[in-house]
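Novice: Residue numbers for the sequence shown follow the numbering used here, so the first one is 135 and each next one is one higher. Supplied in structure tokens, the structure appears directly below.
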Amino acid sequence: MQLNQKSKGKLTLVGIALLFFIPIVSSWYLVFYSDFKKNAIGTQHGKLIEPVINIGEIKAKEIKTKNEILINKKWILAFVQKKICDDLCKERYYQLRQIRLALGEDRNKVERLVILNEPTNLDELGNLYPGQKYIDSNDKDYQSITKKFKNYITDQNNPIFLIDPYGFLMMQYQQGTEPKGIIKDIEKLIKNSK
């Protein structure tokens, strides 16, 4: 009876050890030796730009005062205004402002940028969207910056872009992306970059 008790104790110990080691070994196998989650898209709501594109330092003007400032060292939400500002364009301005405001105390870590291809009534937009920054065709960096965005913009699609604090174009959000998704992505990025 004593031997039987010892055997039960050993089996229990081996069973408990297996409960801990089987999940570790199986997850190791799945990660390194199988195609498990090979095509997983992640939790981001936008599309990662791979490889990231170095935009460099961005000097932009404030839409109301026209003062030129350096806007690096912050996350930047940007879009390209291809033509005179229509309703869709005004919705973009509104979305950028609302996304930034929805970030609460982190809003100071995010700037809004529009790249203007056509002359625009900046006075009207300046009153509606104070703090908005812009680059237009009169700026010396205009050509080099617009070339970097060129491959991602079509006539049917004008995405919102996210530029990181180091000046890398890293993510795009297609037209129709829910602002809540953009907010979640930015919150995650700000939290993980601390």
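Ideal Cβ placement from N, Cα and C applies to all residues, glycine included. The structure presented is a predicted model; accordingly, all values stated were derived computationally and were not measured.
Below 8 Å on the Cβ atoms is my guess for P299 versus K208; work out the distance and round it to an integer in Å.
Specialist: About 6 Å; that satisfies the 8 Å criterion.
Novice: Which same chain residues end up closer than 7 Å to E191 when comparing Cβ atoms and leaving out the 5 residues on each side of it in sequence?
Specialist: Within the same chain, E191 has close Cβ partners L204, N206, G301.
Novice: Pick from S160, I210, K281, Q178: whose alpha carbon is nearest that of D319?
Specialist: For the residues S160, I210, K281, Q178, the minimum Cα distance to D319 belongs to Q178.
Novice: Nearest-angstrom Cα distance between I297 and L211?
Specialist: Going by the C-alpha atoms only, they are around 7 Å apart.
Novice: Does M135 pass the burial test, meaning 16 or more other C-beta atoms within 10 Å, or should it be called exposed?
Specialist: The predicted position of M135 is uncertain, since its pLDDT is 49 and thus under 50; no value can be drawn from it.
Novice: Looking at the unbroken alpha helix (DSSP H) that takes in I192, where does it start and where does it end?
Specialist: Counting along the chain, I192 falls outside any alpha helix (DSSP H), and DSSP gives it neither H nor E.
Novice: When DSSP labels each residue in this structure, what does Q309 get in the three-state scheme?
Specialist: Q309: coil per DSSP, three-state reduction.
Novice: Do K217 and E252 have their C-beta atoms closer together than 8 Å?
Specialist: Yes, Cβ-Cβ distance for K217 and E252 is below 8 Å.
Novice: The alpha helix (DSSP H) that contains K281, what's its start and end?
Specialist: It spans 276–283 - the alpha helix (DSSP H) in which K281 sits, taken as one unbroken run.
Novice: From the DSSP output, in three-state form, read off K200 for me.
Specialist: In this structure, K200 counts as coil in the three-state DSSP scheme.
Novice: Quick one: give me the first and last residue of the alpha helix (DSSP H) that Y228 is part of.
Specialist: Looking at the DSSP string, the run of the alpha helix (DSSP H) that includes Y228 is 221–236.
Novice: I need the DSSP call for Y268, collapsed to helix, strand or coil.
Specialist: Three-state DSSP puts Y268 in a strand.
Novice: Counting only the same chain and skipping the five closest in sequence on each side, list residues whose C-beta sits under 6 Å from that of P264.
Specialist: Result list for P264: K198, in chain order.
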